[in-house]
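Position one of the sequence shown corresponds to residue 3 (this note's numbering), numbered consecutively onward.
Positions of the beta carbon are idealized from the N, C-alpha and C atoms, including for glycine.
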Amino acid sequence: MTSSTVRWGYGAGTAVTSVQQALAEALWAEAAGFDSFWISQMSGVDPIVACAAIGERAAGLTEMGTSVVPLTGRHPLALAASAATAASATGNRFTLGIGPSHKIVAEGMYGESFDRPFARTAEFVHCLNALFETGSVQHGGDHIVANGTLTVEADPPPLLLAALGPRMLAFAGAHAAGTSVGQCGPKTIASHIAPLIREAAAEAGRPDPRIVALVNICVTSDRHGAIEAARPGSAMYGSLPSYRRMLDIEGVDDAVDLVLIGSPDEVGDRLGQYVESGATDLRVGIATQDPQDRAATKSFLESFVA
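Structure follows, in structure tokens:
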């Protein structure tokens with residue numbers, strides 16, 4: 003392992019289409035020496051259900067979690083029950099990563115208003131924390147009404163809040179165990195993410211927050227081909243305002259420039275920049291569907307992380 007101060011996680015991404023695939027990916031991550039395993043939500047499996055389903059089979063992983071579950075389409079009482087159930091099923095190794103999502107998802111996919119996303123997220127987190135910490139919630143806010151109890155027998159799962167802007171980072175530092183970020187390069191983490199969330203946590207008297215950073219990689223001899231293959235999957239991020247600001251801080255025009263593509267030495271050197279950025283955890287994803295490059299990338303990770 004490159005650094006004992008950074009925890010290594012494997013990100014299976016949003017394209018996991020079956021519990022069997024999730025299990026296979028988790029077992030590979032366990033064998034490769036990763037500390038944690040993460041699933042994201044989009045059109046594939048429900049990541050909370052998947053973690054609960056495979057938890058006992060991948061017992062060597064110290065942590066399994068979501069990175070992230072969008073709050074659109076969810077209610078605090080139902081989400082808290084699902085997360086606590088996953089914690090119970092995994093022997094209290096489950097971490098709940100959530101995010102406010104984006105206007106195109108909230109309004110375009112779910113038909114929900116994306117008006118005042120920070121205020122709604124703050125109310126949602128307040129309700130989750132009340133349920134996890136006390137077992138009950140009584141909340142009647144502008145965005146959420148929640149009155150009920152949580153009786154699942156499990157330790158409260160740690161809560162990570164996806165945060166990019168200053169106000170959300172400060173809120174995450176004060177009210178969550180940390181943040182899970184994507185499309186943030188090492189410069190952005192070091193100069194923007196880490197200082198803001200750590201300052202807020204310190205002011206709130208909370209422990210040093212976790213910063214779980216997504217890093218997509220591809221080990222290949224065909225750098226140009228791999229870049230062009232990764233470009234479509236990265237294209238939308240430049241059009242989303244919150245991610246666009248992170249790309250501007252990093253000084254890159256296109257999110258594909260954040261994908262680590264090249265030889266094992268080149269990818270390893272760039273991963274080292276993330277290790278030094280201030281991130282506490284790196285959630286590494288494989289940014290290729292090419293069988294040869296995917297095998298090369300997995301082989302690299304097996305040596306690099308072990």
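Taking all protein chains shown into account, do 16 or more other C-beta atoms lie within 10 angstroms of the C-beta of residue i, making it buried, or fewer, making it exposed?
{"i": "MET170", "result": "buried"}
{"i": "THR290", "result": "buried"}
{"i": "ILE41", "result": "buried"}
{"i": "GLU252", "result": "buried"}
{"i": "ARG118", "result": "exposed"}
{"i": "GLY11", "result": "buried"}
{"i": "SER279", "result": "buried"}
{"i": "ILE106", "result": "exposed"}
{"i": "GLU125", "result": "buried"}
{"i": "PRO168", "result": "exposed"}
{"i": "THR19", "result": "exposed"}
{"i": "GLY207", "result": "exposed"}
{"i": "ASP144", "result": "exposed"}
{"i": "SER103", "result": "buried"}
{"i": "PRO72", "result": "buried"}
{"i": "GLN294", "result": "exposed"}
{"i": "GLY142", "result": "exposed"}
Using a beta-carbon distance below 8 Å, is residue i in contact with chain C?
{"i": "SER244", "result": "Of the chains in the structure shown, none is chain C; there is only one protein chain."}
Report all residues from its chain with a CB closer than 6 Å to the CB of residue i; omit the five preceding and five following residues, and keep chain order.
{"i": "THR4", "result": "At THR4, the pLDDT of 45 sits below 50, so the modelled position is not reliable; the number obtained from the coordinates is stated separately. Once the five neighbours on either side are set aside, the close Cβ partners of THR4 are VAL277."}
{"i": "ALA287", "result": "The sequence given here has Gly at residue 287, not Ala. If we look at GLY287 and ignore the five residues flanking it on each side, its Cβ neighbours are GLY13, GLY15 and ASN218."}
{"i": "PHE302", "result": "VAL221 and PRO266"}
{"i": "ALA232", "result": "VAL258, VAL261 and ALA289"}
{"i": "ALA165", "result": "LEU171, ALA174 and THR181"}
Rounded to whole angstroms, what's the CA-CA distance from residue i to residue j? Just pull it up for me.
{"i": "LEU98", "j": "ASN149", "result": "21 Å"}
{"i": "PRO49", "j": "VAL70", "result": "9 Å"}
{"i": "ALA52", "j": "GLU155", "result": "19 Å"}
{"i": "THR7", "j": "GLY113", "result": "42 Å"}
{"i": "VAL307", "j": "GLU268", "result": "16 Å"}
{"i": "THR299", "j": "LEU152", "result": "42 Å"}
{"i": "ASN94", "j": "MET111", "result": "32 Å"}
{"i": "SER305", "j": "MET44", "result": "30 Å"}
{"i": "ILE146", "j": "GLY137", "result": "18 Å"}
{"i": "LEU284", "j": "PRO197", "result": "17 Å"}
{"i": "LEU79", "j": "GLN140", "result": "11 Å"}
{"i": "LEU163", "j": "ILE263", "result": "28 Å"}
{"i": "ASP271", "j": "GLU109", "result": "40 Å"}
{"i": "HIS226", "j": "VAL261", "result": "12 Å"}
{"i": "PRO159", "j": "ALA86", "result": "7 Å"}
{"i": "ALA215", "j": "ILE195", "result": "10 Å"}
{"i": "SER38", "j": "ALA121", "result": "31 Å"}
{"i": "GLY187", "j": "ALA82", "result": "31 Å"}
{"i": "ALA60", "j": "SER84", "result": "19 Å"}
{"i": "ALA33", "j": "SER115", "result": "43 Å"}
{"i": "ASP292", "j": "GLU230", "result": "12 Å"}
Take residue i and list the residues in its own chain whose beta-carbon comes closer than 8 Å to its own, dropping the five residues that flank it on each side.
{"i": "ASP157", "result": "ALA89 and ASN94"}
{"i": "ASP255", "result": "GLY240 and LEU249"}
{"i": "ALA91", "result": "CYS53, ALA54, ALA55, GLY57 and GLU58"}
Going by DSSP, name the residue or residues bridged to residue i.
{"i": "ILE219", "result": "LEU262 and ILE288"}
{"i": "MET66", "result": "PHE39 and PHE96"}
{"i": "GLN140", "result": "ASN149"}
{"i": "ARG212", "result": "GLY180"}
{"i": "ARG9", "result": "ASP283"}
{"i": "LEU161", "result": "LEU98"}
{"i": "VAL71", "result": "ILE100"}
Output needed for residue i: all residues of its chain with C-beta closer than 7 Å, excluding positions within five of it in sequence on either side, in chain order.
{"i": "HIS177", "result": "VAL127 and ASN131"}
{"i": "GLU65", "result": "ASP37, SER38, ARG95 and THR97"}
{"i": "ALA17", "result": "GLY46"}
Fill in: the segment 22 to 33 in contact with the segment 42 to 60 per 3-pair CB rule at 8 Å
With the cut-off at 8 Å, the segment 22 to 33 and the segment 42 to 60 touch.
Discussion item. Quick test of the definition: if touching needs 3 or more C-beta pairs under 8 Å, does the segment 161 to 178 touch the segment 195 to 208?
Written reply: Judged by pairs of C-beta atoms under 8 Å, the segment 161 to 178 touches the segment 195 to 208, as three or more such pairs exist.
Worksheet item: Are there three or more Cβ pairs, one per stretch, closer than 8 Å when the segment 132 to 147 is compared with the segment 259 to 268?
Response: Because the criterion of three Cβ pairs below 8 Å is not met, the segment 132 to 147 and the segment 259 to 268 do not touch.
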